[in-house]
Amino acid sequence: MNTVTAEKRGAYKTLSLESKVRLIQKSESGTKRKCDIAKEFGIQPNTLSTILRNKEKILKAWTYNEVCASRKRLREPRFGELEECTLRWFKQARDNNIPVSGPVLLNKAEEFSKMLKIENFKGSIGWLNRFKERHGLSFKKVYGESASLSENDYEGWKIKLASLTSKYDPSNIFNIDETALFYRCTPDKAINLKGETCTDGRLSKERITVLLGASMDGSEKLPAIVIGKYSKPRCFSRVNSLPVEYFHSKNSWVTCDVFERLLINLDEHFSRQKREILLFVDNCTAHNRVPRLESIKVVFFPANVTSEFQPMEQGVIHDFKRHYRNQVLQHVTEQTGERKEIKPIKLIEAVRMIRLSWSQVQPQTIKNCFMKSGFYTELDENCLEDCFLNEDPEEWKHVASDVSYNEYVHIDDDVATCGKLDVKDIVSEVKTSQEQLLTDDESESDGEATAPPSSTEAHNSILVLQQYFENQEFTPSEAFDYINVLKVMINLHRKKDQV
């Protein structure tokens, strides 16, 4: 190419990742022609077309912070698995405030190369510099706002909290927290689990982690999130729509990957609603990797703050667990009353009960817990009293247990919901595909899936349900509205089946 031609066409320009994302957003907005967008960014139209063809790859790298914003190339590294392992180890060390030097990082990369059986890897200074440049490791974490305080500076936290929340409507202020749940635990087995913490990841088949989130005024509850051990539990095999959002991890814990995915899903949800959200989370290690978000501002509670300042721990989680345990009690008493052997609760049954239990937590309970945590400047005196009942349910009198009802409700309060990964765990997470997580142990522990009913069977069941409520006194009219909604949905499926 001669000099004249080059001058006419313009010098070749490479855009940074951040610029490419802005270009994609402008193109998708439809407010400008593509040729005008290319001119604005100082690139040729064919360069713009190339960027748009690689849109998915570019947006993924941007959202997940896979490379720094100023990086211009997205070339795949030669040793992809090794880089991913090293990066995960580095981020975990950083999240735990462990200093990492260049030589330490190189030694860890060499260790991963041996575990991955990579023979031609050389941990040179050149590789280290390219690795740091690819992932922007010299950059500090800036996407979540940490509010670290001195040990007793609770007044300082209250001032900080008031300043943050004053800029948002209570309906747009949320708290998310996780809790462990021994979902199969029946009263007679509770004594065997009393005092368990599972910090080493034990009992991962007997427990799940549940994430609950709600708005400050109690008007909106986020869908319950369940984290189990397996990607595709056998009892889910014929299920296409779950009543909760489901993720999986090796130890049934919340991980950085799960939390990232959760935040991205929420951000997309709130972006569609054009809402600006303030989200409070605690400082556990699984929360410390925050992706780039458009509509959510993440604020961490101070690392040394007690549960006194976390709304979900002020009674919301307790109320949820009380409702869940009551459903387990009903499951037990129904079978013992019919002199049947008590069947273990399947995970599919547990997620149904989780959905119902979460729906039974009242908005006023949630609002009261935010009040107790200092989110409201004016306190309602009634919020200091629990707005849920703590009496033992009637079913408790008919079961055998070596623990009290209150101990049963709280049996898993101290169980770990996240943990640190050693190098073997990191390699396993990177290498193991979702399909490989399904094992024979799983089928033994959770049973076969139940055959789904036909549309006709579902329709007939609705008619029985309608007749049942018609024969009851004081049935609210709304009950028949709900039944009619189900009828319409079933009829739609019947029509699809007939096509």
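Position 26 (the sequence shown) corresponds to 26 in full-length UniProt numbering; numbering is contiguous.
Note that the Cβ used here is the ideal one computed from N, Cα and C, for glycine as well.
{"Check": "Supposed contact pair His459 and Ile490 - C-beta distance, whole angstroms, cut 8 angstroms", "Outcome": "5 angstroms"}
{"Check": "Buried versus exposed, by CB contacts within 10 Å (16 or more), Phe259", "Outcome": "buried"}
{"Check": "Contacting residues, own chain, Cβ-Cβ under 8 angstroms from Glu395 (five flanking each side not counted)", "Outcome": "Asn326, Leu329, Gln330, Val332 and Thr333"}
{"Check": "Where Ser215 sits in the DSSP three-state scheme", "Outcome": "strand"}
{"Check": "Inter-stretch contact (C-beta, 8 angstroms, three-pair minimum) for the segment 166–178 and the segment 197–215", "Outcome": "yes"}
{"Check": "Ile348 vs Phe236 beta-carbon contact at 9 angstroms", "Outcome": "yes"}
{"Check": "Short Cβ contact (9 angstroms threshold) for Gln360 with His323", "Outcome": "yes"}
{"Check": "Heavy atom of the ligand FAD within 8 angstroms of Gly195 beta-carbon", "Outcome": "The model on display carries no ligand, and the ligand FAD is accordingly not part of it."}
{"Check": "Nearest candidate by alpha-carbon position, reference Asn46, set Lys55, Ser401, Glu40 and Cys35", "Outcome": "Cys35"}
{"Check": "Pairwise C-alpha distance: Asn107 and Glu18", "Outcome": "32 angstroms"}
{"Check": "Helix, strand or coil at Gly156 according to DSSP, with G and I counted as helix", "Outcome": "helix"}
{"Check": "Nearest to Val351 (by Cα), restricted to the options Ile227, Thr450 and Asp392", "Outcome": "Ile227"}
{"Check": "Cβ neighbours of Ala6 in the same chain (closer than 7 angstroms, five flanking residues each side left out)", "Outcome": "Note that Ala6 has pLDDT 40, beneath the 50 cutoff, so the model's placement of it is unreliable and the number below is only indicative. None."}
{"Check": "Of the listed residues Lys20, Glu470 and Glu81, nearest to Lys57 (C-alpha basis)", "Outcome": "Lys20"}
{"Check": "Supposed close pair Leu82, Ile118 - CB separation, criterion 8 angstroms", "Outcome": "6 angstroms"}
{"Check": "Ile483 in three-state terms, based on DSSP", "Outcome": "helix"}
{"Check": "Per-residue DSSP class, three states only, for Asp267", "Outcome": "helix"}
{"Check": "Close beta carbons around Leu87, own chain, < 7 angstroms, minus the five adjacent residues each side", "Outcome": "His135"}
{"Check": "Assigned exposure category for Lys13 - 16 Cβ within 10 Å defines buried", "Outcome": "exposed"}
{"Check": "Contact belief for Leu278 with Ile366 at Cβ below 8 angstroms, rounded distance in angstroms", "Outcome": "That pair is no contact at about 16 angstroms."}
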